[in-house]
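Asker:
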Amino acid sequence: MNISELKNSMDPKNVGREMYALITELYPICRSITGNGFRQTMEILRRYIPLQIHEVPSGTKVFDWEVPKEWNIKDAWVKNSKGEKIIDFQKSNLHVLNYSTPVKKTVSLKELKEHLFTLPDHPDWIPYKTSYYRENWGFCLSHQQFLTLGDGEYEVSIDSTLESGCLTYGELYLQGEEENEILISCHACHPSLANDNLSGVSLATFLAKQISSGSHRYAYRFLFIPGTIGAITWLAINEEKTAKIKHGLVLTGVGDSGKITYKKSRRGDSDIDRAATHVLKHSGEPHEIIDFHPYGYDERQYCSPGFNLPVGRLSRTPYGKYPEYHTSKDNLGLVHSEFLEDSFYKVLAILNVLENNRSYLNLNSKCEPQLGKRGLYSSIGANELALLWALNYSDGRHDLLGIAEKAEVGFNSVQEAAALLSKHNLLQEYRETDLI
Ligand SMILES: [Zn+2]
């Protein structure tokens with residue numbers, strides 16, 4: 078690789094702006110876990126990266142689940158007794174309960190209220206609600222508007238279909254020097270929500286675009302899937318491929334102003350956990366590392382005990398910890414290009430560690446080699462210390478990341494030291510893996 082070369086060749090200002098522009102384009106689309114909104118989203122992403130689109134038929138058994146019926150929607154509204162549209166899907170796709178069954182009837186206020194969802198704590202906001210696995214219809218609206226609804230009859234119309242069809246997902250596989258893979262996964266099933274959903278989609282898209290432009294040690298597999306059922310479906314169909322996944326990241330909620338949060342894989346000490354922890358610690362910026370827990374995003378499926386893949390999650394403020402989460406306030410004003418860009422570079426830095434993390438053997442292990450006569454010991458400084466650490470711990474049992482951690486220095490200085498020592502035939506790469 079070089080992800081580090083790649084990083085240097087990029088214009089940082091542009092990537093943040095381009096990520097934001099993609100989010101802006103995708104934002105109005107009414108997505109769901111199946112249907113044309115998801116397909117349209119994948120088609121837009123295909124302008125950036127050559128995604129392969131997969132269609133999995135409704136009813137396909139995927140472990141304990143089944144691919145659901147396909148949902149599509151054209152329009153939805155509620156009219157009052159004067160015939161005025163008081164709730165209109167065309168104004169916000171969050172107004173309809175996502176996955177609503179079709180309905181067209183006149184109802185009393187009492188019946189209507191059984192199908193309305195609001196947020197009393199944030200009376201101006203529209204909640205985002207779904208009814209994926211229990212057939213229902215409904216509308217979401219601000220609590221303020223809800224309080225104005227008077228007695229009388231209401232006409233409700235949801236022009237949707239819920240029929241046998243397909244679950245769609247996008248996949249991009251980039252061949253590496255090795256067959257081992259790094260998995261990057263994001264959910265793309267939410268309608269007009271910017272941070273939860275689109276920020277991860279945008280970051281993964283630009284990451285794929287950048288990585289495909291250079292050589293890299295690992296193969297990369299990018300998944301753009303509907304949350305939960307998409308990960309379950311992919312794992313069920315591709316179980317034999319999972320042995321090749323050596324590291325993985327779920328990306329979501331990467332555009333808000335909060336500090337970066339890394340959630341460890343279930344293993345807790347996998348290389349992705351070590352690399353992410355190291356990069357965030359050495360960033361000198363506020364961040365949080367949290368242990369795995371069995372709720373959240375698709376890490377739940379990748380880290381289910383039968384797979385237990387080394388997949389962590391990178392977000393900024395974790396879901397549920399910001400009030401705008403799953404509301405109309407998770408909009409284009411919540412995400413910013415500077416934070417998208419910062420998240421992008423943090424992910425690149427983590428991948429850079431994984432790409433370059435190797436084990437070495439000291440070829441001159443009986444006492445220190447004389448560095449001075451090789452021109453490696455001009456004066457005592459940080460680099461010389463990194464040389465000593467790299468020499469001493471290159472016993473095949475410590476990888477460069479482990480040595481950097483012991484030395485309490487950034488990965489790059491140990492990596493550079495190892496490269497220099499290899500050039501002088503003092504280190505040799507140790508090929509046998511998993512002996513850390
Ligand atoms: Zn969500």
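For the numbering used here, count along the sequence shown from 1 and bump the result up by 77.
In this text, a Cβ means the ideal position worked out from N, Cα and C, and glycines have one as well.
With respect to the beta strand (DSSP E) encompassing Ile163, which residues constitute its N-terminal and C-terminal limits?
Answerer: Note, Ile163: beta strand (DSSP E), 162-165.
Asker: Just the residues with CB closer than 7 Å to a heavy atom of ligand 1, in chain order, which are they?
Answerer: Going along the chain, the residues that qualify are His267, Leu270, Asp273, Asn274, Gly304, Tyr396, His403.
Asker: Looking at C-beta atoms only, is the number of pairs between the stretch 122-130 and the stretch 221-238 that lie closer than 8 Å three or more?
Answerer: Counting Cβ pairs under 8 Å, fewer than three are found: no touch.
Asker: Do Leu417 and Ser276 have their C-beta atoms closer together than 8 Å?
Answerer: Yes, these two residues count as a Cβ contact at 8 Å.
Asker: Taking Cβ to Cβ, would you say Leu409 is nearer than 8 Å to Ile100?
Answerer: For Leu409 and Ile100, yes; Cβs fall inside 8 Å.
Asker: Beta strand (DSSP E) containing Glu230: first to last residue?
Answerer: Start and end: 230-240.
Asker: I'd like the ranges of any beta strand (DSSP E) spanning at least 3 consecutive residues and lying wholly in the stretch 296-356.
Answerer: Complete beta strand (DSSP E) runs here, min 3: 296-302, 322-328, 337-340.
Asker: So if DSSP puts Leu409 in a beta bridge, which residue, or which two residues, is it bridged to?
Answerer: DSSP, once it has assigned bridges, lists no residue as partnering Leu409.
Asker: Please determine, among Gly473, Glu232, Gly325, the residue with the shortest C-alpha to C-alpha distance to Leu186.
Answerer: Nearest option by C-alpha distance: Glu232.
Asker: Excluding the 5 residues flanking Leu249 on each side, which residues of the same chain have their C-beta closer than 6 Å to its C-beta?
Answerer: Closer than 6 Å at Cβ, skipping near neighbours: Ile126, Leu128, Ala285, Phe299.
Asker: So, for Glu376: in the same chain, excluding its five sequence neighbours on each side, which residues have a beta-carbon less than 6 Å away from its beta-carbon?
Answerer: Only Val327, Val388, Arg390 meet the Cβ criterion.
Asker: Quick check: the Cα distance between His313 and Phe140, rounded to an integer number of angstroms?
Answerer: The identity of residue 313 in the sequence shown is Ala, whereas the question assumes His. Approximately 6 Å between the Cα atoms of the pair.
Asker: Could you say which of Glu188, Glu485, Ser219 lies nearest to His172 if we only look at CA atoms?
Answerer: Closest option to His172, Cα to Cα, is Ser219.
Asker: I'd like to check one pair, Ser237 with Thr195: are the Cβ atoms closer than 8 Å?
Answerer: Result no, Cβ atoms of Thr195 and Ser237 do not sit closer than 8 Å.
Asker: Can you say whether Asn502 is buried or exposed, counting buried as having 16 or more other CB atoms within 10 angstroms of its CB?
Answerer: Result: exposed.
Asker: Using CA coordinates, which residue listed in Arg108, Cys107, Tyr507, Leu465 is at the minimum distance from Glu514?
Answerer: Absent from the model: residue 514. The displayed extent of the chain is 78 to 513, so no value can be given.
Asker: Just to confirm the assignment, what range does the beta strand (DSSP E) spanning Ile261 have?
Answerer: Segment 258-264, the beta strand (DSSP E) holding Ile261.
Asker: When burial is assigned at 16 or more other CB atoms within 10 Å of the CB, is Lys323 buried or exposed?
Answerer: Label assigned to Lys323: buried.
Asker: Three or more C-beta pairs closer than 8 Å, one from the stretch 330-346 and one from the stretch 390-404: is that the case here?
Answerer: They touch, by the three-pair rule.
Asker: Taking DSSP as the reference, what is the three-state secondary structure of Gly487?
Answerer: The answer is coil: DSSP assigns Gly487 none of H, G, I, E or B.
Asker: Taking the alpha carbon of Gln505 as the point to measure from, which residue in Leu477, Val486, Lys423, Gly487 has its own alpha carbon closest?
Answerer: Among Leu477, Val486, Lys423, Gly487, the Cα nearest to that of Gln505 is on Leu477.
Asker: Going by beta carbon distance, what residues of the same chain come within less than 6 Å of Ser414, once the five residues before and after it are set aside?
Answerer: The residues are Gly93, Arg94, Tyr97.
Asker: To the nearest angstrom, report how far apart Ala153 and Cys380 are at their CA atoms.
Answerer: One C-alpha to the other measures close to 38 Å.
Asker: Report the three-state DSSP secondary structure of His359 (helix, strand or coil).
Answerer: DSSP places His359 in helix when its eight states are reduced to three.
Asker: Please specify which runs of the beta strand (DSSP E), each continuous and at least 3 residues long, are wholly inside the stretch 411-476, giving them in chain order.
Answerer: Segments of the beta strand (DSSP E) lying fully in the stretch 411-476: 436-439, 472-476.
Asker: Can you give me the start and stop residues for the beta strand (DSSP E) that Val133 sits inside?
Answerer: 129-134 is the span of the beta strand (DSSP E), which, as asked, contains Val133.
Asker: Taking the straight line between their C-alpha atoms, what separation do you get for His370 and Lys181?
Answerer: Cα to Cα, the separation comes out at about 42 Å.
Asker: Leu174 and Lys206 - do their beta-carbons sit closer together than 8 Å?
Answerer: The answer is yes: Cβ separation under 8 Å.
Asker: Where does Arg390 sit, in a helix, a strand or coil, going by DSSP?
Answerer: Reduced to three states, the DSSP call for Arg390 is strand.
Asker: Go ahead and pull the three-state DSSP assignment for Val139.
Answerer: Three-state result, Val139: strand.
Asker: Pull up the CB-CB distance for Gly253 and Ala296, whole angstroms please, since I reckon it's below 8 Å.
Answerer: So it is a contact: roughly 4 Å between Cβ atoms.
Asker: Since I believe Tyr209 is in contact with Ile110 (beta carbons under 8 Å), could you give me their beta-carbon distance rounded to a whole number of angstroms?
Answerer: Contact flag correct, Cβ pair sits at about 6 Å.
Asker: For Gly373, name the three-state secondary structure that DSSP assigns.
Answerer: Reduced to three states, the DSSP call for Gly373 is coil.
Asker: Which term fits Thr183, buried or exposed, when burial requires 16 or more other beta carbons within 10 angstroms of its beta carbon?
Answerer: Flag for Thr183 reads exposed.
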